[in-house]
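First the structure, in the form of structure tokens, and then the observations on it.
2 protein chains.
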Amino acid sequence: METGSVRTSTGGRLLDAAAKLFWNKGYASTTTREIAEILGVRKASLYHHIASKEDLLFEISVSSLERIIGETQAAIAGVDDPLERVRMLVHAHVASMIADQNKHSVMLTELRALSPARRTQIVTLRDEYEQLVASVLDGARKAGALRADIPVKYLSLSLLNLLNWSIFWFQLDGELSPDRWADYLTSLYLGGAQKSAEGAVLR
Amino acid sequence: METGSVRTSTGGRLLDAAAKLFWNKGYASTTTREIAEILGVRKASLYHHIASKEDLLFEISVSSLERIIGETQAAIAGVDDPLERVRMLVHAHVASMIADQNKHSVMLTELRALSPARRTQIVTLRDEYEQLVASVLDGARKAGALRADIPVKYLSLSLLNLLNWSIFWFQLDGELSPDRWADYLTSLYLGGAQKSAEGAVLR
DNA sequence: GTCTATAGTGGGATAGAC
DNA sequence: GTCTATCCCACTATAGAC
Numbered sequence: 000m001e002t003g004s005v006r007t008s009t010g011g012r013l014l015d016a017a018a019k020l021f022w023n024k025g026y027a028s029t030t031t032r033e034i035a036e037i038l039g040v041r042k043a044s045l046y047h048h049i050a051s052k053e054d055l056l057f058e059i060s061v062s063s064l065e066r067i068i069g070e071t072q073a074a075i076a077g078v079d080d081p082l083e084r085v086r087m088l089v090h091a092h093v094a095s096m097i098a099d100q101n102k103h104s105v106m107l108t109e110l111r112a113l114s115p116a117r118r119t120q121i122v123t124l125r126d127e128y129e130q131l132v133a134s135v136l137d138g139a140r141k142a143g144a145l146r147a148d149i150p151v152k153y154l155s156l157s158l159l160n161l162l163n164w165s166i167f168w169f170q171l172d173g174e175l176s177p178d179r180w181a182d183y184l185t186s187l188y189l190g191g192a193q194k195s196a197e198g199a200v201l202r
Numbered sequence: 000m001e002t003g004s005v006r007t008s009t010g011g012r013l014l015d016a017a018a019k020l021f022w023n024k025g026y027a028s029t030t031t032r033e034i035a036e037i038l039g040v041r042k043a044s045l046y047h048h049i050a051s052k053e054d055l056l057f058e059i060s061v062s063s064l065e066r067i068i069g070e071t072q073a074a075i076a077g078v079d080d081p082l083e084r085v086r087m088l089v090h091a092h093v094a095s096m097i098a099d100q101n102k103h104s105v106m107l108t109e110l111r112a113l114s115p116a117r118r119t120q121i122v123t124l125r126d127e128y129e130q131l132v133a134s135v136l137d138g139a140r141k142a143g144a145l146r147a148d149i150p151v152k153y154l155s156l157s158l159l160n161l162l163n164w165s166i167f168w169f170q171l172d173g174e175l176s177p178d179r180w181a182d183y184l185t186s187l188y189l190g191g192a193q194k195s196a197e198g199a200v201l202r
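Protein sequences, first through last, are from chains A and B. Position 138, counted from 1, in the first sequence is what numbering that gives the first Met the number 0 calls 137; the numbers after and before it change by one each time, with no gaps. Position 3, counted from 1, in the second sequence is what numbering that gives the first Met the number 0 calls 2; the numbers after and before it change by one each time, with no gaps.
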């Protein structure tokens with residue numbers, strides 16, 4: 000986790016502070032002064048830890064994606080039942096996303112602000128994750144557990160829409176726990192919203 | 000449509016040009032000079048048509064929401080069957096969204112950049128639309144067509160996630176037509192991804 | 001590792017001629 | 001309705017002391 004860069008106290012808090020501001024105000028509208036204020040230092044001091052503001056956005060994006068990829072892979076490792084793999088994936092995605100809500104939101108919405116070279120790196124990581132999701136679904140489809148009349152590509156994009164964009168309204172302090180939301184999502188995604196699906200795959 | 004403000008040639012193209020740039024680069028990173036360049040004028044000339052850059056973002060958001068509200072209401076008016084109303088809503092939403100892709104994307108992602116007073120106005124319009132969706136779903140649920148084991152609030156948020164965030168990867172020139180995507184979405188949302196749903200509500 | 005001070009740039013918006 | 005010229009401001013990043 001900490002390999003490759005020194006993480007002092009200020010350095011460690013830097014990413015979280017930046018993610019919070021980038022998410023609340025947007026990357027371009029957040030000033031280095033505001034980030035420094037949260038950390039209790041002057042803005043010039045930031046440049047001892049980073050080379051540029053864009054570094055922060057890049058590291059936030061990488062960190063968010065590596066976490067979600069790692070935790071999702073871990074959750075489905077060793078699980079054989081095709082539909083159970085889907086359930087595990089949904090739960091891991093929701094949990095990881097909510098544990099890292101600011102970073103994840105920023106990664107999803109601020110890709111445009113990165114330089115082309117770094118944007119490519121993030122897109123590659125995203126593709127890697129989308130491939131993981133698609134392969135879980137494709138496995139379930141090949142096992143006869145998922146419908147075959149809609150291309151896996153769109154089954155996959157739909158699940159990602161449901162998963163990713165929950166983050167914009169999900170409130171940790173609300174009445175809904177991450178696990179319960181993951182249950183709703185799984186049941187709805189697999190069983191549908193129709194009456195006949197009532198109780199489907201809800202545990 | 001044109002009531003309340005004069006829409007000269009430059010004025011009319013202004014919103015579209017701004018929406019395109021705001022979507023490609025983000026609101027904060029788009030300069031008035033770039034907008035002017037597209038229109039073939041100097042940036043000072045923009046201020047004959049608008050009072051501020053923020054005006055553009057506000058008008059884009061209002062225009063996008065009024066369109067989607069209007070077209071969705073029109074699509075379900077006079078339709079009685081509860082599930083058919085859901086289908087109509089999905090088709091109208093997808094069509095309207097894609098016809099106005101830049102504006103709609105900007106409305107969804109740049110809310111933060113508006114001043115509090117104007118943000119409130121946009122949030123009110125969004126709430127109005129979400130109420131419309133929730134009421135269609137609630138009608139179907141009360142008619143016994145939708146499951147009752149998941150609160151309508153979450154049935155509604157899930158459908159909005161599926162609908163709204165398609166816009167970020169949907170390509171009009173791709174192999175998928177808006178109507179076909181709406182069919183997939185309807186079938187998936189109502190019937191689910193499981194094998195047993197195969198062919199569900201697909202026309 | 002943090003500070004003060006400032007360089008250097010580019011932004012939104014305005015003045016006033018045409 | 002568009003232009004040139006410019007104001008004023010805030011930003012990122014750097015220099016160099018401590």
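All C-beta atoms, glycine included, are put in the ideal place defined by N, C-alpha and C.
Using alpha carbons as the reference points, say which of the options lies closest to residue i.
i: L161 of chain A; options: B:A192, B:G173, B:M96; result: B:A192
i: E36 of chain A; options: A:A17, A:G69, A:T71; result: A:A17
i: G69 of chain B; options: B:A144, B:R125, B:S104, B:P115; result: B:R125
i: A94 of chain A; options: A:W180, A:A196, A:S195; result: A:W180
i: E109 of chain B; options: B:T9, B:L20, B:S8; result: B:L20
i: F167 of chain A; options: A:V40, A:G10, A:E83, A:S104; result: A:S104
i: R140 of chain A; options: B:I49, B:K194, B:I34; result: B:K194
i: D99 of chain B; options: B:A147, B:E65, B:A73, B:D80; result: B:E65
i: E197 of chain B; options: A:T185, A:I149, A:D80; result: A:I149
i: Q120 of chain A; options: A:G25, A:L56, A:N23, A:E174; result: A:L56
i: S8 of chain A; options: A:E174, A:A199, A:H47; result: A:H47
i: I67 of chain A; options: A:K102, A:A199, A:Y153; result: A:K102
i: D182 of chain A; options: B:G25, B:E174, B:D182, B:Y153; result: B:Y153
Below 8 Å on the Cβ atoms is my guess for residue i versus residue j; work out the distance and round it to an integer in Å.
i: S51 of chain A; j: L14 of chain A; result: Going by Cβ atoms, the distance from S51 of chain A to L14 of chain A rounds to 14 Å, so no, they are not a contact pair.
i: L262 of chain B; j: E129 of chain B; result: Outside the displayed span of chain B (0 to 202) sits residue 262 of chain B, for which this structure offers no information.
i: M106 of chain B; j: S176 of chain B; result: With a Cβ gap of about 23 Å, M106 of chain B and S176 of chain B do not count as contacting.
i: L189 of chain B; j: V85 of chain B; result: 7 Å
i: A27 of chain B; j: S28 of chain A; result: 5 Å
i: W164 of chain B; j: W164 of chain A; result: 4 Å
Give a yes or no on whether 9 Å exceeds the smallest Cβ distance from residue i to chain A.
i: G77 of chain B; result: no
i: L20 of chain B; result: no
i: A17 of chain B; result: no
i: Y46 of chain B; result: no
i: R111 of chain B; result: yes
i: D172 of chain B; result: no
i: S157 of chain B; result: yes
i: T2 of chain B; result: Any reading at T2 of chain B needs caution, since the residue's pLDDT is 40, under 50, leaving its predicted position unreliable; the model's value is listed next. Answer no: the Cβ-Cβ gap between T2 of chain B and chain A never drops below 9 Å.
i: L175 of chain B; result: yes
i: Y128 of chain B; result: no
i: E197 of chain B; result: yes
i: D23 of chain B; result: Checking the displayed sequence, the identity of residue 23 of chain B turns out to be Asn instead of Asp. At least one chain A Cβ lies under 9 Å of N23 of chain B.
i: W124 of chain B; result: In the sequence as displayed, the identity of residue 124 of chain B is Leu instead of Trp. For L124 of chain B, the answer is no, since every Cβ of chain A falls outside 9 Å of its Cβ.
i: L136 of chain B; result: yes
Looking at the C-beta of residue i, does it have a partner C-beta in chain B at a distance below 9 Å?
i: E65 of chain A; result: no
i: L56 of chain A; result: no
i: G190 of chain A; result: yes
i: S28 of chain A; result: yes
i: T108 of chain A; result: yes
i: I149 of chain A; result: yes
i: S62 of chain A; result: no
i: L187 of chain A; result: yes
i: Q193 of chain A; result: yes
i: R146 of chain A; result: yes
i: L13 of chain A; result: no
i: N101 of chain A; result: no
For residue i, which residues from the same chain have a beta carbon less than 6 Å from its beta carbon, with the 5 sequence-adjacent residues on both sides left out?
i: S155 of chain B; result: V132, A133, L136
i: A199 of chain B; result: S186, G190
i: P81 of chain A; result: G138, A139, A142, A144
i: E33 of chain A; result: L20
Which residues in the same chain have their Cβ closer than 7 Å to the Cβ of residue i, if we skip the five residues on either side of it in sequence?
i: I97 of chain B; result: F169, L171, P177
i: G12 of chain B; result: It should be noted that the sequence gives Arg, not Gly, for residue 12 of chain B. So the qualifying residues of the chain are L38.
i: E58 of chain A; result: L14
i: R41 of chain B; result: A35
i: K24 of chain A; result: none
To which residues of the same chain is residue i closer than 8 Å at the C-beta, ignoring the five residues directly before and after it?
i: G143 of chain A; result: none
i: I75 of chain B; result: R84, M87, L88, A91, V135
i: E53 of chain B; result: A112, L113, S114, R117
Mind checking whether the beta-carbon of residue i lies closer than 8 Å to any heavy atom of the ligand PLP?
i: R66 of chain B; result: Within the structure as shown, the ligand PLP is missing, as the structure has no ligands at all.
Subject >> Length-filtered (4 minimum) alpha helix (DSSP H) runs lying within the region 12-53 of chain A >> reply: Segments of the alpha helix (DSSP H) lying fully in the region 12-53 of chain A: 31-38, 42-45.
**OP:** Could you name each continuous beta strand (DSSP E) segment of 3 residues or more that falls completely within the region 112-179 of chain A, going from the start of the chain to the end?
**Re:** With a minimum length of 3 residues, no continuous beta strand (DSSP E) run stays inside the region 112-179 of chain A.
Subject >> Complete runs of the alpha helix (DSSP H) confined to the region 51-101 of chain B [at least 4 residues] >> reply: For the region 51-101 of chain B, the full-length alpha helix (DSSP H) segments reaching 4 residues or more read 52-75, 81-98 along the chain.
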